[in-house]
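The next block holds one structure in the form of structure tokens; read it before the comments.
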Amino acid sequence: MTVRKTPALAVLAGAAVLVTLAACDSKSDPAGAAGDGGPIKVSASDTACEVSATTANAGNLTFEITNKGAKVTEFYLYAEGDRIMGEVENIAPGLNRRLIVEVADAGKYQTACKPGMSGTGIRGDFTVTGGVAKQNDSNAQKAQATKSYADYIANNTSALQDETGKFADLVKAGKVDEAKAAYARTRVYYERIEPVAEKFGDLDPAIDVREADLEPNQQFTGFHRLEKDLFKTGLQADSGQIADKLVTDVKDLVAKTKTLELSALDLANGAKGLLDEVATGKITGEEEAFSHTDVWDFQANVDGSKGAITALRPVLQAKDPALVSTLDKEFANVQGLLDKQRAGDGFKSYTELSQDQVKEFASAVDALSEPLSKVAEVVSK
Amino acid sequence: MTSAEGSRAEGTRVSRRKLFGLAGAGVALAGAGAAAGIGIDKATSGNAEASTNTVDFHGEHQAGIVTPAQANLHFAALDVTTKDREKLRQLLKTWTDAARRMTAGQEVVANGAVGNGAYAPPGDTGEALDLPPSNLTLTIGFGPSLFDGRFGLAGKRPPQLIDLPLFPKDKLDPARSGGDLCIQACADDPQVAVHAVRNLVRLGFGVTEVRWSQLGFGRSSSTSREQQTPRNLFGFKDGTNNIKAEEPDVLGDQVWATAADGPAWMAGGSYLVARRIRMHIETWDRETLDGQEKIIGRTKGSGAPLGQTAEFDELDLDVGGAGGEKVIPEDAHVRLASHQALNGVRILRRGYNFVDGSDGVGHLEAGLFFLAFNRDTRKQYVPMQQALSSKDAMMEYVQHTGSAHFAVPPGVTRESSWADALFS
Chain A
1 MTVRKTPALA
11 VLAGAAVLVT
21 LAACDSKSDP
31 AGAAGDGGPI
41 KVSASDTACE
51 VSATTANAGN
61 LTFEITNKGA
71 KVTEFYLYAE
81 GDRIMGEVEN
91 IAPGLNRRLI
101 VEVADAGKYQ
111 TACKPGMSGT
121 GIRGDFTVTG
131 GVAKQNDSNA
141 QKAQATKSYA
151 DYIANNTSAL
161 QDETGKFADL
171 VKAGKVDEAK
181 AAYARTRVYY
191 ERIEPVAEKF
201 GDLDPAIDVR
211 EADLEPNQQF
221 TGFHRLEKDL
231 FKTGLQADSG
241 QIADKLVTDV
251 KDLVAKTKTL
261 ELSALDLANG
271 AKGLLDEVAT
281 GKITGEEEAF
291 SHTDVWDFQA
301 NVDGSKGAIT
311 ALRPVLQAKD
321 PALVSTLDKE
331 FANVQGLLDK
341 QRAGDGFKSY
351 TELSQDQVKE
361 FASAVDALSE
371 PLSKVAEVVS
381 K
Chain B
1 MTSAEGSRAE
11 GTRVSRRKLF
21 GLAGAGVALA
31 GAGAAAGIGI
41 DKATSGNAEA
51 STNTVDFHGE
61 HQAGIVTPAQ
71 ANLHFAALDV
81 TTKDREKLRQ
91 LLKTWTDAAR
101 RMTAGQEVVA
111 NGAVGNGAYA
121 PPGDTGEALD
131 LPPSNLTLTI
141 GFGPSLFDGR
151 FGLAGKRPPQ
161 LIDLPLFPKD
171 KLDPARSGGD
181 LCIQACADDP
191 QVAVHAVRNL
201 VRLGFGVTEV
211 RWSQLGFGRS
221 SSTSREQQTP
231 RNLFGFKDGT
241 NNIKAEEPDV
251 LGDQVWATAA
261 DGPAWMAGGS
271 YLVARRIRMH
281 IETWDRETLD
291 GQEKIIGRTK
301 GSGAPLGQTA
311 EFDELDLDVG
321 GAGGEKVIPE
331 DAHVRLASHQ
341 ALNGVRILRR
351 GYNFVDGSDG
361 VGHLEAGLFF
371 LAFNRDTRKQ
381 YVPMQQALSS
391 KDAMMEYVQH
401 TGSAHFAVPP
411 GVTRESSWAD
421 ALFS
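Line by line, the protein sequences are chains A and B. Position 142 of the first sequence, counting from 1, maps to 142 under the numbering used here, and the rest follow consecutively. Position 296 of the second sequence, counting from 1, maps to 296 under the numbering used here, and the rest follow consecutively.
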């Protein structure tokens, strides 16, 4: 569900950075002390960029930049190929600013001041010594895990696109009962890949925003808008247009997921994020306010989480077999509870759950989420 | 307060007792504030520490706003049940007198708990006997609903006292929202705060009733440079960048209403936003440290802004890490709430942690009871919360479940009361 989009994004974005660092086994204290020789002073003017040291040991480097010029400036530390290691923008004249950069690898770097905040800047060479030799790419198991998960995503997005098309056709044809029946079935494919969908900031809200979470002036579109039309208000004049837009948005999403590069940490965090969705949105019946098909989503989130963990299984098995057996046990426990709520080819309505059953689900999800939250750390080792 | 008013307030109580044929203990309330230390009240007698840890009730502004945040809170929102304007006015005077006494460490009425004979309910409920004043402050506010037609106050409603809009992701419980009046009691001892609210509520029976109330512990912001920054239930330092008592210019700019802001009766007052924010503690606890720090925008250990080294280092929103990614993410809480991102707008926060037991599915019913004071809620709190509700990564882990807004009138002198500004 869309409410949950932002942290997942933040974490995933962070995870990508982490992976880079973890790959060279050199993640150090993020709070970071200054480098060996104390802060490196940078005196920036409109025409010069004087750096008090041009060599440093690997580790956290602290630059203290003073803008003595008349223009607003920026300071960068680049690795080879102009890869940004760290930067600080908007340094107004007369101000001191600090930049702490973690540089794990020995090698040649460049400092740059950019008076006026444009162009390639006033460059200087900077050498980092010590550190660790750069390792080759992360291990093959992780690469295999992400590839296997990419296949899982591809299978689900392809089904999502097909099913959304059929669902939209039913809506447009005014076949309310059939559309209602297709609603939860279609969403399964979305709920399974939600952490991936959430990587695309604009599309996820367009497809999956809940009415209660709309921002001022935000148009109510996507699955939940059609849910309301089908289950509460009856079809509206623009239901067809909303259905068409949903098809387009899903198509965009599917195209974009194909270009996505995921890391093993993304998988771990995604698996956990899906269960968090269950714990805060599905357990409470908030997600499917009109159709009450929350248990379908619940199952799909668990499926998606399991899909990611399955892909990571060889990695986890090698590093922490006990964790794998715990996860197996707890996944089975949650699945056992879900199986009791089956009705036909789907699930009972959320409103049919007793408070005791809700509570039972909540504690089973907690029992699974705790070990799941340890996966990222194991994977990052 | 004039002595005539004082004896009237007291007289009511005494005559009620006389109905039962008891000897009234008629120590007039007049000058009760000045009477601190006379020694009739156990709370202050022979306790050197007690005499020093009081907060002056009187002043240009009400105490309990920039007062260094005490450790505990009892907050109550009340509805006025009478339609009699005069009864309301009288209650506000009675409350002022009672607050003047209790904040000085005295019982709510003289000889309250045990000094009035065996055959009447004690005038003071007694649970604060033997406890020091504990820096008790009592602060009152008027909700938007007080300015409807009932008391002829419609023309006095400040334009700043808006009905708060519904923010994205709000899940407000009407039973934890709104109110005609509020009483904020803060004290270093929870029992002292609870005692104060309980006794004011008791004085109000027949005129007011409690709509909702909230206990808070572990102040979650600091309002003075003398205080350490506390931690919220997410384990993060909260309120590092709060407005502090030692910043009179900022307070004048961001917290205190002036006569020119209109209405004149609110000059020296402020606007209080109260929000009950449920925290999803369990899912937060499963978030990685890196994830938690990116959501907040600070390190968990020292509280330093990401990219900096010490807690009070200034936020630098323009620092990028590898690949030019912002070190403080675009959706980090500190970025969105910073005055840099909000055209210089700030608020004075005075929140408290709460745990109201469990929620029935095995999770803590816990969170932050957010209290903030600002000069104009329309221009300060509302845009800030709009930005947070729609973009803040932390919204995944919190849910706003209660909401209220109050005009907090200016402070009182030894002679005036909380009724004066409103009914002048």
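Glycine residues also receive a C-beta, built at the ideal position from the N, C-alpha and C atoms.
Check, Outcome
"Please look up how many angstroms separate the CB atoms of Thr280 of chain A and Thr283 of chain B, rounded, as I've assumed it's under 8 Å.", "6 Å"
"So that I know if they touch, is there some Cβ in chain A lying closer than 8 Å to that of Gln308 of chain B?", "yes"
"Tell me, please, whether the stretch 117 to 136 of chain B touches the stretch 364 to 384 of chain B by the rule of three or more beta-carbon pairs shorter than 8 Å.", "no"
"Measure how close the beta-carbons of Ala179 of chain A and Val171 of chain A come, nearest whole angstrom, since I'm counting them as under 8 Å.", "5 Å"
"Suppose the cutoff is 7 Å on Cβ atoms and the five residues either side in sequence are ignored; what does the same chain contact list for Ile242 of chain A look like?", "Thr221, Arg225, Leu226"
"Does the Cβ-Cβ distance between Leu353 of chain A and Ala271 of chain A come in under 8 Å?", "no"
"Quick one: complete beta strand (DSSP E) runs, 3+ long, within the stretch 169 to 196 of chain B?", "181 to 187"
"Establish whether the CB of Lys363 of chain A and some CB of chain B are separated by less than 8 Å.", "Position check: residue 363 of chain A holds Ser in this sequence, whereas Lys was assumed. At least one chain B Cβ lies under 8 Å of Ser363 of chain A."
"Please list, in chain order, all residues of the same chain as Ser358 of chain B whose beta carbon is under 8 Å from its beta carbon, the five residues on each side excluded.", "Leu364, Glu365"
"Buried or exposed: Asn343 of chain B, going by 16 or more other Cβ atoms within 10 Å of its Cβ?", "exposed"
"Do the CB positions of Ala53 of chain A and Val128 of chain A come within less than 8 Å of each other?", "no"
"So which residues of chain B does Gln355 of chain A contact, with C-beta pairs closer than 9 Å?", "Gly360, Val361"
"How far does the alpha helix (DSSP H) with Asn116 of chain B in it reach, from first residue to last?", "Per DSSP, Asn116 of chain B belongs to no alpha helix (DSSP H) and is neither H nor E."
"Helix or strand or just coil, what does DSSP make of Asn60 of chain A?", "strand"
"Report the start-end ranges of each beta strand (DSSP E) in the stretch 173 to 213 of chain A that is 3 residues or longer and not cut off at the edges.", "none"
"So, does the CB of Gln135 of chain A fall closer than 8 Å to a CB anywhere in chain B?", "Legend: pLDDT at Gln135 of chain A = 44, less than 50; position of this residue unreliable, value from coordinates given subsequently. No - not a single Cβ of chain B is within 8 Å of the one on Gln135 of chain A."
"Between the C-alpha atoms of Glu286 of chain A and Gly297 of chain B, what's the straight-line distance to the nearest angstrom?", "29 Å"
"Taking Ala419 of chain B as the reference, which of B:Thr96, B:Gly149, B:Val66 has the closest Cα?", "B:Thr96"
"Check whether the Cβ atoms of Val302 of chain A and Gln335 of chain A sit closer than 8 Å, and answer yes or no.", "yes"
"Where Arg98 of chain A and Pro305 of chain B are concerned, what is the direct C-alpha to C-alpha distance, given to the nearest angstrom?", "12 Å"
"Once you ignore the five residues that flank Val247 of chain A on each side, which residues in its own chain have a CB closer than 8 Å to its CB?", "Thr164, Gly165, Ala168"
"According to DSSP, Leu348 of chain B sits in a beta bridge with which residue or residues?", "B:Phe373"
"Going by DSSP, name the residue or residues bridged to Asp387 of chain A.", "This structure does not reach residue 387 of chain A, given that chain A is present from 1 up to 381, and the question cannot be answered."
"Taking only the alpha-carbon atoms, compute the straight-line gap between His405 of chain B and Asp170 of chain B and give it to the nearest angstrom.", "15 Å"
"For Ile65 of chain B, which residues does DSSP report across the bridge?", "Partner(s): none; Ile65 of chain B has no beta bridge."
"Measuring CB to CB, does Val108 of chain B end up less than 8 Å from Ala98 of chain B?", "yes"
"Any contact of the stretch 321 to 329 of chain A with the stretch 343 to 359 of chain A, i.e. 3+ C-beta pairs under 8 Å?", "no"
"For Glu89 of chain A, decide whether its Cβ has a neighbour in chain B, counting only Cβ atoms nearer than 8 Å.", "yes"
"So which residues of chain B does Lys272 of chain A contact, with C-beta pairs closer than 7 Å?", "Arg286"
"Report all residues from its chain with a CB closer than 8 Å to the CB of Gly174 of chain A; omit the five preceding and five following residues, and keep chain order.", "Leu235"
"When the distance is taken between beta carbons, is Tyr76 of chain A closer than 8 Å to Ile84 of chain A?", "yes"
"Just curious, the beta strand (DSSP E) that Tyr78 of chain A is in, first and last residue?", "73 to 79"
"Measure from the C-beta of Ala197 of chain A to each C-beta in chain B and report whether the shortest distance is under 8 Å.", "no"
"How many angstroms separate the CA atom of Leu230 of chain A from the CA atom of Ile193 of chain A?", "24 Å"
"Kindly indicate if chain A contains any beta-carbon less than 8 Å away from that of Trp418 of chain B.", "no"
"Going by CA-CA distance only, name the one from B:Gly64, B:Val327, B:Gln160, B:Asn116 that's closest to Thr299 of chain B.", "B:Val327"
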